[in-house]
Amino acid sequence: MSNASIPAASRPLSAAAAERFAREVAKYPADQAQSAVMACLAIVQQEQGYVSLESEKVVADFLGMPQIAVHEVTTFYNMYNQHPVGKFKLNVCTNLPCQLRDGARALAHLEKKLGIHMGDTTPDGLFTLQQSECLGACADSPVMLVNDRTMCSFMSEDKLDQLIDGLRSASAGGAA
Ligand code: FES
Numbered sequence: 020m021s022n023a024s025i026p027a028a029s030r031p032l033s034a035a036a037a038e039r040f041a042r043e044v045a046k047y048p049a050d051q052a053q054s055a056v057m058a059c060l061a062i063v064q065q066e067q068g069y070v071s072l073e074s075e076k077v078v079a080d081f082l083g084m085p086q087i088a089v090h091e092v093t094t095f096y097n098m099y100n101q102h103p104v105g106k107f108k109l110n111v112c113t114n115l116p117c118q119l120r121d122g123a124r125a126l127a128h129l130e131k132k133l134g135i136h137m138g139d140t141t142p143d144g145l146f147t148l149q150q151s152e153c154l155g156a157c158a159d160s161p162v163m164l165v166n167d168r169t170m171c172s173f174m175s176e177d178k179l180d181q182l183i184d185g186l187r188s189a190s191a192g193g194a195a
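The opening residue of the sequence shown carries number 20 in my numbering; numbering runs sequentially from there.
This is the structure we're talking about:
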């Protein structure tokens, strides 16, 4: 069963996060607080940019579940960041159907353009480059997600260049 507030012993999250946790838990029957685990992890990530082991502990304590069970959720879904990431997280699908339609080439092009390897973040903190599992848009390959939300399809090298240049410009102009 959930606590009323985040434990004082480990308080990496704000009081607002605790209130949001409680609102999520309230959506479920009293004995099913664990059903809110994904929503709580999303709140953590919105507030901190990633889900640390300490934050997993806070969520676990709040929901009354083992920390390892929270960790299993964090590590199963690649929308949860286990480490700090750049301002723009780029996930390129490299599953087999996309591999057959230039998915790997798109990833290699981004590595070259950004000067980093898959899994790394650019020194300026702007871009993190990752692979992803199937995004459910195989016919649109090469496909990628920006910040877990914006799907980009048919990403030719020209379109990849435009995307990166556009994000750089938007960032320099103060837009997210
Ligand atoms: S394999 Fe890439 S979207 Fe399905």
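Using N, Cα and C, we set each Cβ at its ideal position, and we do this for glycine too.
Requested in this report: Could you tell me whether any Cβ in chain D is nearer than 7 Å to the Cβ of K76?
Outcome: As a matter of chain content, chain D is missing from the structure shown, which is built from one protein chain.
**Report entry** Bounding residues of the alpha helix (DSSP H) (the contiguous stretch that carries S74)
**Finding:** Per DSSP, S74 belongs to the alpha helix (DSSP H) from L72 to L82.
Report task. Would you list, in sequence order, the uninterrupted beta strand (DSSP E) runs of no fewer than 3 residues that lie entirely inside the stretch 121-170? Result -> For the beta strand (DSSP E) assignment, the uninterrupted runs of no fewer than 3 residues enclosed by the stretch 121-170 are, from N- to C-terminal side, 146-151 and 163-165.
Report task. For C117, count neighbouring C-beta atoms within 10 Å of its own C-beta (all shown protein chains included) and say buried if the count is 16 or more, exposed if not. Result -> Per the 10 Å Cβ criterion, buried.
**Report entry** heavy atom of the ligand FES below 6 Å from N97 C-beta
**Finding:** no
Query raised in the report: Should the stretch 96-109 be regarded as contacting the stretch 142-160, the criterion being three or more beta carbon pairs within less than 8 Å?
Result: Between the stretch 96-109 and the stretch 142-160, the count of C-beta pairs closer than 8 Å reaches three or more; the two stretches touch.
Requested in this report: Give the DSSP-derived three-state secondary structure of L109 in the structure shown.
Outcome: DSSP, reduced to helix, strand and coil, places L109 within a strand of the structure shown.
Report task. Report whether the distance from the Cβ of A127 to the nearest heavy atom of the ligand FES is below 6 Å. Result -> no
Query raised in the report: Does the beta-carbon distance from A36 to E75 come in below 7 Å?
Result: no
Query raised in the report: Which residue's Cα is closest to the Cα of A158: A127, T169 and M174?
Result: Nearest to A158 by C-alpha distance, out of A127, T169 and M174, is M174.
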